[in-house]
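Visitor: Residue numbers (the working numbering), protein chains in the order written: chain A, 706 to 930; chain B, 706 to 930; chain C, 706 to 930; chain D, 706 to 930.
Below you'll find the structure I mean.
4 protein chains.
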Amino acid sequence: MIIQLWNSLLTTVPPQHLSARKSPRQARALATVEAIFEATIQVLLSEGPTRLTTTRVAARAGVSVGTMYQYYPHKEALLYAVTGRYLDAIAEAVEKACRASHGAPLTEMSDVLVKAYWDAKTLKRNATRALYLVAMEVDTAALTEGCIQRIEAATAAMFASAPDAEFDDLVLVNHSLLNMLFGTVRSLFTREISPAIANRLGDELALMCRAYLEAAKRPAGAPGR
Amino acid sequence: MIIQLWNSLLTTVPPQHLSARKSPRQARALATVEAIFEATIQVLLSEGPTRLTTTRVAARAGVSVGTMYQYYPHKEALLYAVTGRYLDAIAEAVEKACRASHGAPLTEMSDVLVKAYWDAKTLKRNATRALYLVAMEVDTAALTEGCIQRIEAATAAMFASAPDAEFDDLVLVNHSLLNMLFGTVRSLFTREISPAIANRLGDELALMCRAYLEAAKRPAGAPGR
Amino acid sequence: MIIQLWNSLLTTVPPQHLSARKSPRQARALATVEAIFEATIQVLLSEGPTRLTTTRVAARAGVSVGTMYQYYPHKEALLYAVTGRYLDAIAEAVEKACRASHGAPLTEMSDVLVKAYWDAKTLKRNATRALYLVAMEVDTAALTEGCIQRIEAATAAMFASAPDAEFDDLVLVNHSLLNMLFGTVRSLFTREISPAIANRLGDELALMCRAYLEAAKRPAGAPGR
Amino acid sequence: MIIQLWNSLLTTVPPQHLSARKSPRQARALATVEAIFEATIQVLLSEGPTRLTTTRVAARAGVSVGTMYQYYPHKEALLYAVTGRYLDAIAEAVEKACRASHGAPLTEMSDVLVKAYWDAKTLKRNATRALYLVAMEVDTAALTEGCIQRIEAATAAMFASAPDAEFDDLVLVNHSLLNMLFGTVRSLFTREISPAIANRLGDELALMCRAYLEAAKRPAGAPGR
DNA sequence: TATGAATGAGTTTTCATTCAT
DNA sequence: TATGAATGAAAACTCATTCAT
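Here's what the structure looks like:
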């Protein structure tokens with residue numbers, strides 16, 4: 706049951722050729738999969754994307770290549786799975802935070818969103834950095850879009866519930882805000898920036914978001930469309 | 706004047722192992738190098754980064770592999786050169802726009818910056834999309850940083866000349882703004898977005914920047930530090 | 706006993722970059738490595754050193770290139786391994802013969818040495834000729850020196866035990882004798898010489914060695930240094 | 706005329722496919738050829754046989770590849786020419802020394818021979834070491850044999866004129882002696898040996914030759930065949 | 001005649017994937 | 001089911017040789 710939940714979070718259904726061969730049924734298998742995932746991140750970080758080979762991942766995970774291929778029919782499927790699980794966690798964290806902030810003032814919503822996304826990324830700092838590296842190599846665009854859409858739905862619902870704000874085009878503003886948020890955070894993780902500076906830039910990011918939302922909202926007392 | 710001196714200093718000098726083997730001397734050779742550059746972009750876009758092979762690039766450029774290796778000792782050096790030339794053009798465009806806006810009102814500066822960066826990227830749309838793809842694979846981090854620093858110097862100088870605004874920490878705000886600008890634009894080019902929507906998002910981006918700068922500037926009449 | 710300890714110490718340990726990737730564990734793998742060794746010799750003899758390519762060796766061995774690279778990280782490592790095994794056999798044969806002749810008359814020692822070396826080389830006639838061909842291309846100098854030192858130790862010990870001879874400078878004479886022996890034999894194998902003539906030259910070689918040792922030994926009754 | 710002499714010393718007529726394209730006619734061309742020869746040796750010594758490329762030789766010689774190919778139709782021809790000239794010089798030196806020692810006592814003949822050969826090799830120490838490196842790669846066996854035969858003829862004639870010695874089989878002894886001389890010297894140049902030790906070994910080599918000749922000559926008073 | 005840009009066959013090496021044990 | 005040896009297509013890179021200028 707846990708397993709099923711584990712998979713079902715993906716709104717995006719993986720295309721046939723990218724799906725895992727089998728879901729881990731036993732505890733041992735689960736541990737194996739876990740080890741493989743972890744190994745993938747490790748190798749990516751320590752060796753770089755071009756040296757990410759199936760053999761190396763298997764070795765690092767402590768299993769044989771053959772075993773790995775029993776779970777994932779090819780390299781792409783593996784990366785697809787790792788990425789999927791990661792994005793799932795991010796999306797869920799943001800969704801949860803948004804749900805909890807329905808009805809809050811706009812400024813608070815903004816801060817909550819930034820903090821949730823930022824914290825989720827920082828919590829999985831390794832994975833975050835590692836997966837930015839392969840994002841373009843594998844066909845994970847669909848996965849990313851799926852994640853974005855989940856988050857977009859969550860934030861749109863949240864912003865729609867703001868008691869102190871209305872927008873002429875909520876969808877556009879929301880999309881634009883998220884695009885900025887994702888892009889900016891990506892920059893911060895991709896470039897080699899000291900944690901201290903990164904934190905100050907994180908604060909500025911929060912300020913940006915608030916300022917943008919303020920600027921984008923319909924002037925108080927203005928009529929709806 | 707100081708700024709100009711700075712710029713040339715900041716121009717990143719390629720590390721030994723990434724530099725080109727020789728520069729084209731004859732007209733024929735120049736055309737060859739040009740064709741190789743163009744082919745690199747083409748292959749990247751049509752085949753994706755993992756299928757970017759030296760053979761394919763050479764074939765697309767209409768030259769033999771050997772010829773390519775006469776100019777670039779290996780794939781990395783080629784990508785480094787292509788990236789370098791591209792970033793140079795971007796940085797120069799922004800620098801020029803900034804110089805022309807010294808003394809303008811803050812809002813105008815913001816718009817000018819966004820427009821200059823956006824236009825430069827859009828003008829080289831193909832290269833832009835193509836090079837985002839390889840950015841992580843090759844060691845172009847240094848190049849990117851060099852480009853960023855050139856732009857940062859140019860914008861800092863511009864913002865310092867704004868008659869209607871002062872900042873408590875210009876460097877931080879400037880850095881933060883650019884980080885957002887670069888990240889957001891990256892997102893827009895990386896994801897598959899229709900031009901129409903991209904343009905609307907571009908407008909929102911301009912709004913964001915203005916709003917952030919307004920929010921970050923020291924309240925009128927407030928004392929300096 | 707001291708000598709034996711020495712021998713094992715002198716066995717040249719391959720430098721990191723030239724050592725084999727893994728040793729064959731299963732019977733199948735052992736046969737594979739054996740085939741690769743044999744194929745190396747064959748290709749060397751039939752095609753010459755410049756046409757000794759990894760592909761050709763693999764093909765002749767009846768395995769795929771990939772397999773070869775599982776055992777040897779590159780061509781040099783392969784040649785190093787082949788050479789090492791060959792030199793080991795030679796050194797061992799000579800050592801054994803020397804040990805068996807301790808205490809014999811000088812003339813007999815000389816003949817035994819020449820015969821042992823000559824026979825060992827002749828027994829592996831193909832390998833002998835093949836490896837002379839690559840000796841200069843690969844960095845096998847260390848291996849060769851190691852082999853020489855083993856032999857030198859063995860012969861020095863033997864000559865020191867001669868009841869009918871003493872030398873002013875045993876080390877020099879020994880070294881000089883071996884240098885001549887190795888060089889002369891090399892000439893005989895390298896040049897295209899008919900076996901009949903080669904045999905006669907082999908006899909002359911034995912004569913040379915005896916004559917040199919006679920000439921070099923301290924006159925009977927002369928005092929030691 | 707000098708040029709003709711320069712070529713004619715070769716007893717061995719180069720096979721069609723290995724001969725130079727044209728002999729240098731003008732002083733400038735002569736200098737060019739000289740530079741190419743010198744460059745070949747240099748590259749061989751500094752880069753090793755596998756890095757001996759036509760481009761590198763041309764560059765080191767200060768000419769373009771194209772020019773080099775005007776003199777030598779291919780790499781082999783170049784190496785053939787370099788080797789040929791070198792061997793010629795060696796053979797000539799030995800021949801001259803032998804001619805001068807006709808009628809001398811056997812022991813003196815022996816010493817003269819060793820010294821002449823040794824000195825000739827040492828005088829061209831660089832070339833000697835360099836050419837041992839390529840000796841096996843190119844088809845220079847014929848050249849070497851030619852050189853050997855010239856020397857063999859010279860020494861045979863010399864030994865035949867010895868007043869104090871006769872041999873049962875002069876040809877065999879002569880051949881055997883030279884084979885030993887060549888091989889031993891090769892060993893001394895090939896291995897990395899300090900000049901001091903090399904000199905002592907050189908003395909031992911002279912002793913060897915004398916001893917062998919003494920041992921091989923027909924006992925005084927014994928009847929001829 | 002000299003040059004050096006261009007050629008492309010040939011080499012080394014890697015690595016995703018299969019399959020006998 | 002797990003293993004890891006074997007595979008071989010495909011990649012990067014070299015270099016002898018040619019030929020337009």
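Where a beta carbon is used, it is the ideal one built from N, C-alpha and C, also for glycine.
Step through the CB atoms of chain B and report whether any lies within less than 8 Å of the CB of residue 911(A).
Guide: Locating residue 911(A) in the first sequence gives position 206, where the first residue counts as 1. By this cut-off, residue 911(A) is not an interface position.
Visitor: Could you tell me whether any Cβ in chain D is nearer than 8 Å to the Cβ of residue 861(C)?
Guide: Locating residue 861(C) in the third sequence gives position 156, counting from the first residue. No - not a single Cβ of chain D is within 8 Å of the one on residue 861(C).
Visitor: For residue 768(A), collect the residues of the same chain with a Cβ closer than 8 Å to its Cβ; drop the 5 residues on either side in sequence, then sort them by chain order.
Guide: The sequence position of residue 768(A) within the first sequence is 63, counting from 1. Hits under 8 Å: 737, 740, 741.
Visitor: Grouping DSSP H, G and I as helix and E and B as strand, with all else coil, what is residue 820(A)?
Guide: Locating residue 820(A) in the first sequence gives position 115, counting from the first residue. In this structure, residue 820(A) counts as helix in the three-state DSSP scheme.
Visitor: Under 7 Å Cβ-Cβ, which residues of chain A neighbour residue 835(B)?
Guide: As a position in the second sequence, residue 835(B) is number 130, starting the count at 1. Near residue 835(B) there are no residues of chain A at all, since even the closest Cβ is about 11 Å away, more than 7 Å.
Visitor: Does residue 922(D) come out as helix, strand or coil in the three-state DSSP assignment?
Guide: Residue mapping note: residue 922(D) aligns to position 217 of the fourth sequence, counting from 1. Looking at residue 922(D) - three-state DSSP - the assignment turns out to be strand.
Visitor: Quick check: what's the CA-CA separation for residue 805(C) versus residue 920(C)?
Guide: Reading the third sequence from its first residue, position 100 is the one you call residue 805(C). Reading the third sequence from its first residue, position 215 is the one you call residue 920(C). Their backbone Cα atoms lie some 24 Å apart in a straight line.
Visitor: Tell me, please, which residues DSSP counts as bridged to residue 872(C).
Guide: By one-based count along the third sequence, residue 872(C) stands at place 167. Its beta-bridge partners are 922(C).
Visitor: According to a CB-to-CB cut-off of less than 8 Å, which residues of the segment 821-832 of chain B neighbour chain A?
Guide: Within the segment 821-832 of chain B, no residue qualifies.
Visitor: In chain B, which residues lie with their C-beta within 7 Å of the C-beta of residue 892(A)?
Guide: Reading the first sequence from its first residue, position 187 is the one you call residue 892(A). Those within 7 Å of residue 892(A) in chain B are 884, 887, 888.
Visitor: Beta-carbon separation of residue 893(A) and residue 906(A) under 8 Å?
Guide: Taking the first residue of the first sequence as 1, we reach residue 893(A) at position 188. Taking the first residue of the first sequence as 1, we reach residue 906(A) at position 201. The answer is yes: Cβ separation under 8 Å.
Visitor: Helix, strand or coil for residue 713(C), going by three-state DSSP, please let me know.
Guide: Taking the third sequence and counting its residues from 1, one reaches residue 713(C) at position 8. Per-residue confidence for residue 713(C) stands at a pLDDT of 40, beneath the threshold of 50, marking its modelled position as unreliable; the derived number appears in the next sentence. If DSSP states are grouped into helix, strand and coil, residue 713(C) belongs with the helices.
Visitor: Could you work out which residues of chain B lie near residue 754(A), taking near to mean beta carbons separated by less than 8 Å?
Guide: As a working note, residue 754(A) is residue 49 in the first sequence. Residues of chain B passing the Cβ test: 841, 842.
Visitor: Which bits of chain A does residue 905(B) rub up against, with CB to CB less than 7 Å?
Guide: Along the second sequence, one-based indexing puts residue 905(B) at 200. Within chain A, the residues near residue 905(B) are 877.
Visitor: Within 8 Å of any Cβ in chain D, is that where the Cβ of residue 769(C) sits?
Guide: Residue 769(C) sits at position 64 when you count from the first residue of the third sequence. Answer no: the Cβ-Cβ gap between residue 769(C) and chain D never drops below 8 Å.
Visitor: Could you confirm whether any beta carbon from chain C is found closer than 8 Å to the beta carbon of residue 917(D)?
Guide: In the fourth sequence, counting from the first residue as 1, residue 917(D) sits at position 212. Yes, residue 917(D) lies at the interface with chain C (some Cβ there is under 8 Å from its Cβ).
Visitor: Does the CB of residue 838(A) have a neighbour CB from chain B at under 8 Å?
Guide: Here residue 838(A) refers to the residue found at position 133 when the first sequence is read from its first residue. So yes, residue 838(A) belongs to the interface.
Visitor: Would you mind giving the Cβ-Cβ distance between residue 726(C) and residue 777(C), rounded to the nearest angstrom? I have them listed as a contact below 8 Å.
Guide: Translated into the one-based positions of the third sequence, residue 726(C) becomes position 21. Translated into the one-based positions of the third sequence, residue 777(C) becomes position 72. About 6 Å separates the two Cβ atoms, so the contact holds.
Visitor: Taking contact to mean 3 or more Cβ pairs, one atom from each stretch, closer than 8 Å, check whether the segment 778-796 of chain A and the segment 742-753 of chain A are in contact.
Guide: Touching, yes, given that three or more Cβ pairs across the two stretches are closer than 8 Å.
Visitor: Along chain D, which residues have their Cβ under 9 Å away from the Cβ of residue 921(C)?
Guide: Your numbering for residue 921(C) matches position 216 in the third sequence. Here the neighbours are 909, 912, 913, 916.
Visitor: Counting Cβ pairs closer than 8 Å, one from the segment 757-766 of chain D and one from the segment 813-829 of chain D, do we hit at least three?
Guide: The answer is no - the segment 813-829 of chain D does not touch the segment 757-766 of chain D, with fewer than three Cβ pairs under 8 Å.
Visitor: Is the CB of residue 899(C) under 8 Å away from at least one CB in chain D?
Guide: As a working note, residue 899(C) is residue 194 in the third sequence. So, not an interface residue.
Visitor: In chain D, what lies closer than 8 Å to residue 751(C) by C-beta?
Guide: Counting from 1 along the third sequence, the entry for residue 751(C) is found at position 46. Those within 8 Å of residue 751(C) in chain D number zero; the least Cβ separation is about 15 Å.
Visitor: Going by beta-carbon coordinates alone, are residue 914(C) and residue 886(C) separated by less than 8 Å?
Guide: Translated into positions along the third sequence, residue 914(C) becomes position 209. Translated into positions along the third sequence, residue 886(C) becomes position 181. Contact: yes.
Visitor: Give the single residue among 899(D), 849(D), 858(D), 925(D) whose Cα lies nearest to the Cα of residue 895(C).
Guide: For the purposes of this step, residue 895(C) is taken as residue 190 along the third sequence, with counting starting at 1. Residue 849(D) is the option with its Cα nearest to residue 895(C).
Visitor: Curious, which full-length beta strand (DSSP E) runs of at least 3 residues does the segment 838-903 of chain B contain?
Guide: Correct list: empty.
Visitor: Would you kindly report the start and end of the unbroken alpha helix (DSSP H) that includes residue 784(C)?
Guide: In the third sequence, residue 784(C) corresponds to position 79, counting from 1. Note, residue 784(C): alpha helix (DSSP H), 780-805.
Visitor: Would residue 897(B) be called buried (16 or more neighbouring beta carbons within 10 Å of its own) or exposed?
Guide: Locating residue 897(B) in the second sequence gives position 192, counting from the first residue. Label assigned to residue 897(B): exposed.
Visitor: To the nearest angstrom, how far is it from the Cα of residue 870(B) to the Cα of residue 847(B)?
Guide: Your numbering for residue 870(B) matches position 165 in the second sequence. Your numbering for residue 847(B) matches position 142 in the second sequence. Distance between the alpha carbons of residue 870(B) and residue 847(B) is about 32 Å.
Visitor: Please classify residue 958(B): does DSSP put it in a helix, a strand, or coil?
Guide: With chain B running from 706 to 930 in the structure shown, residue 958(B) is simply not present.
Visitor: Could you tell me the alpha carbon to alpha carbon distance between residue 923(D) and residue 803(C), rounded to whole angstroms?
Guide: Walking along the fourth sequence from the start, residue 923(D) turns up at place 218. Walking along the third sequence from the start, residue 803(C) turns up at place 98. Spanning the two alpha carbons is a distance of roughly 32 Å.
Visitor: With distances taken from CA atoms, which of 795(A), 757(A), 800(A), 798(A) is nearest residue 781(A)?
Guide: In the first sequence, residue 781(A) corresponds to position 76, counting from 1. Comparing Cα positions, the closest option is 757(A).
Visitor: Would you kindly work out how many angstroms separate the C-alpha atoms of residue 925(B) and residue 863(A), rounded to a whole number?
Guide: For this step, residue 925(B) is matched to residue 220 along the second sequence. For this step, residue 863(A) is matched to residue 158 along the first sequence. Residue 925(B) and residue 863(A): Cα-Cα distance of roughly 34 Å.
Visitor: Contact check, residue 889(B) vs residue 884(A) under 8 Å by CB: the rounded distance?
Guide: Taking the first residue of the second sequence as 1, we reach residue 889(B) at position 184. Taking the first residue of the first sequence as 1, we reach residue 884(A) at position 179. Yes, they are in contact, since the Cβ atoms of residue 889(B) and residue 884(A) sit about 6 Å apart, within 8 Å.
Visitor: Going by alpha carbons, who is nearest to residue 754(A) out of 873(A), 722(A), 842(A), 917(A)?
Guide: Stepping through the first sequence from its first residue, residue 754(A) is reached at position 49. Closest by alpha carbon: 842(A).
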